[in-house]
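**Student:**
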Amino acid sequence: VEQCLNCSISLTYHRAARRIICHHCRYDAPAPERCPRCGSRDLSYRGLGTEQVERITVETFPSARIARMDVDTTSGKWAHHRILDRVAKGDVDILLGTQMIAKGLDFPQVTLVGVVNADVGIHLPDFRASERTFQLLSQVAGRAGRGKLGGEVLIQTSLPDHYAIQAAVAHDFIAFAERETVARETPCYPPHLRMVNVILSSPDQRATAKSAEAGAAWLRRWLRGRNAEESKVVELVGPAPAPIERLHGRWRWHFLVRSPSPSAIGRAVRALIDGFKVPGGDVRLVVDRDPVALL
Numbered sequence: 020v021e022q023c024l025n026c027s028i029s030l031t032y033h034r035a036a037r038r039i040i041c042h043h044c045r046y047d048a049p050a051p052e053r054c055p056r057c058g059s060r061d062l063s064y065r066g067l068g069t070e071q072v073e074r075i076t077v078e079t080f081p082s083a084r085i086a087r088m089d090v091d092t093t094s095g096k097w098a099h100h101r102i103l104d105r106v107a108k109g110d111v112d113i114l115l116g117t118q119m120i121a122k123g124l125d126f127p128q129v130t131l132v133g134v135v136n137a138d139v140g141i142h143l144p145d146f147r148a149s150e151r152t153f154q155l156l157s158q159v160a161g162r163a164g165r166g167k168l169g170g171e172v173l174i175q176t177s178l179p180d181h182y183a184i185q186a187a188v189a190h191d192f193i194a195f196a197e198r199e200t201v202a203r204e205t206p207c208y209p210p211h212l213r214m215v216n217v218i219l220s221s222p223d224q225r226a227t228a229k230s231a232e233a234g235a236a237w238l239r240r241w242l243r244g245r246n247a248e249e250s251k252v253v254e255l256v257g258p259a260p261a262p263i264e265r266l267h268g269r270w271r272w273h274f275l276v277r278s279p280s281p282s283a284i285g286r287a288v289r290a291l292i293d294g295f296k297v298p299g300g301d302v303r304l305v306v307d308r309d310p311v312a313l314l
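Per the working numbering, the very first residue in the sequence shown carries number 20; after that it's consecutive.
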């Protein structure tokens, strides 16, 4: 699998342009004709992106008027609005797209919504993964049946019994909230406490790791110098490489500061910002309070 030169993620193959593209930093290159490692021409392009779904849909429904909404088809000025105008006028039979078509659209004539690989987000290394899956399915389900015609939602998943999917199908927000709250209790994730994600990044991998270790060590020393009660109520987890370790050419390490006390965690983070001297060498420190994602 070809990797981005700037980010620690795989590149996505775009069939129409025959290029491989990073969806984070937009690095792109021609699709290889040979394997860069062994030289074989026996290459296989796999996956289920919007281009692939569009190709299969065209083959399955050759007479349907199909539009696709994703980062490629909406990159031009007003491209997003032009596609939605076609849908509103009834010039589109099938609208394909990424998560951008799940929110805020109100088309009374939409009677069927399909979600492909609905559980893919559940496997992400983020404590809010199940919550995001539930939110997305709840939002996309609301696109169908908004008019007098009624509607139906079809969800493709390999985890049909997962509580996030079950709750979304049942439109049961309370059941999901109760189950998710219990699931986050033992590992001590919000809403059971407050959290701050401290991220250090640099073009130099070793400098990033050393800076994160130094920052975490500084804060631990500061906490030991506080009164016993406050030092116990604030916890540090890490440092460690971020789940996406390299992004836009910068290596990323992070550590978490957690506490049930908003004031205690606020004092600790303020002390870190004011007192910790970030090393040179283009090292950046970012403090993300109540992070919506840990990637």
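Just so you know, even glycine gets a beta-carbon here, dropped at the ideal spot from N, CA and C. All values derive from a computational prediction rather than experimental measurement.
Specify the secondary structure class of V311 as computed by DSSP and reduced to three states.
**Tutor:** Here V311 sits in coil by DSSP.
**Student:** To the nearest whole angstrom, what separates the beta carbons of V302 and S221, a pair I think is in contact under 8 Å?
**Tutor:** About 4 Å separates the two Cβ atoms, so the contact holds.
**Student:** Figure out for me which residue from A228, Y32, I40 has the closest Cα to the Cα of E264.
**Tutor:** The shortest Cα separation from E264 among A228, Y32, I40 belongs to A228.
**Student:** If you check the beta carbons only, do F274 and P258 fall under 7 Å apart?
**Tutor:** Yes, the pair counts as a contact, with Cβ atoms nearer than the cut-off.
**Student:** Roughly how many angstroms separate the alpha carbons of V311 and R147, rounded to a whole number?
**Tutor:** Looking at the two C-alpha atoms, the distance is approximately 8 Å.
**Student:** Looking at C-alpha atoms only, which residue of R271, R225, R213, L266 is the closest neighbour of E254?
**Tutor:** Closest option to E254, Cα to Cα, is R213.
**Student:** Classify Y32 as helix, strand or coil using the three-state DSSP reduction.
**Tutor:** Of the three classes helix, strand and coil, the one that applies to Y32 here is strand, per DSSP.
**Student:** What do you reckon, are the CB atoms on V215 and V288 nearer than 7 Å?
**Tutor:** Contact: yes.
**Student:** For the alpha helix (DSSP H) that contains F274, what are its first and last residues?
**Tutor:** Careful: F274 lies outside any alpha helix (DSSP H), inside the beta strand (DSSP E) at 269 to 278.
**Student:** With contact counted as at least three CB pairs below 8 Å, one residue from each stretch, are the segment 84 to 92 and the segment 100 to 119 in contact?
**Tutor:** Output reads yes: the segment 100 to 119 touches the segment 84 to 92.
**Student:** With 16 other CB atoms within 10 Å as the buried threshold, where does S282 fall?
**Tutor:** Burial call: exposed.
**Student:** With distances taken Cα to Cα, identify the nearest neighbour of L30 among N136, L266, F192.
**Tutor:** Residue L266 is the option with its Cα nearest to L30.
**Student:** With H, G and I counted as helix, E and B as strand and the rest as coil, what does DSSP make of D191?
**Tutor:** Coil at D191, not helix or strand.
**Student:** From G205 to H99, what does the alpha carbon distance come to, in whole angstroms?
**Tutor:** Per the sequence shown, residue 205 should be read as Thr rather than Gly. Taking the straight line joining both Cα atoms gives about 43 Å.
**Student:** Considering only the beta carbon of each residue, do A196 and L156 sit closer than 7 Å?
**Tutor:** No, Cβ-Cβ distance for A196 and L156 is not below 7 Å.
**Student:** Alpha carbon to alpha carbon, what distance is there between D309 and F192?
**Tutor:** Distance between the alpha carbons of F192 and D309 is about 22 Å.
**Student:** Rounded to whole angstroms, how far is the Cβ of I141 from the Cβ of H181, which I believe are closer than 8 Å?
**Tutor:** Right, their Cβ atoms sit about 6 Å apart.
**Student:** Going by DSSP, what residue range makes up the alpha helix (DSSP H) through V106?
**Tutor:** Note, V106: alpha helix (DSSP H), 98 to 107.
**Student:** Take the Cβ of I75 as the centre, count every other Cβ of all protein chains shown within 10 Å, and call the residue buried at 16 or more, exposed below.
**Tutor:** I75 comes out exposed.
**Student:** With H, G and I counted as helix, E and B as strand and the rest as coil, what does DSSP make of P55?
**Tutor:** Of the three classes helix, strand and coil, the one that applies to P55 here is coil, per DSSP.
**Student:** Should V217 go down as buried or exposed, given a rule of 16 or more other Cβ atoms within 10 Å for buried?
**Tutor:** Flag for V217 reads buried.
**Student:** At the level of alpha carbons, what is the spacing between S82 and S230?
**Tutor:** Roughly 59 Å separates the two Cα atoms.
**Student:** According to DSSP, is S82 part of a helix, a strand, or is it coil?
**Tutor:** Of the three classes helix, strand and coil, the one that applies to S82 here is coil, per DSSP.
**Student:** Opposite V132 in the DSSP bridges: which residues?
**Tutor:** Per DSSP, V172.
**Student:** Using DSSP's beta-bridge definition, name the partner residues of D47.
**Tutor:** Beta-bridge pairing links D47 to I40.
**Student:** How big is the Cα-Cα spacing for L304 and K296?
**Tutor:** When rounded, the distance between both Cα atoms is 10 Å.
**Student:** With a floor of 4 residues, list each alpha helix (DSSP H) that falls wholly inside the segment 226 to 267, ordered by position along the chain.
**Tutor:** Segments of the alpha helix (DSSP H) lying fully in the segment 226 to 267: 247 to 252.
**Student:** Measure the beta-carbon distance from Y46 to L24 and round it to whole angstroms, keeping in mind my assumption that it falls under 8 Å.
**Tutor:** Indeed they touch by this definition, with Cβ atoms about 6 Å apart.
**Student:** Can you give the Cα-Cα distance for W97 and M119, rounded to whole angstroms?
**Tutor:** Each residue's alpha carbon lies about 15 Å from the other.
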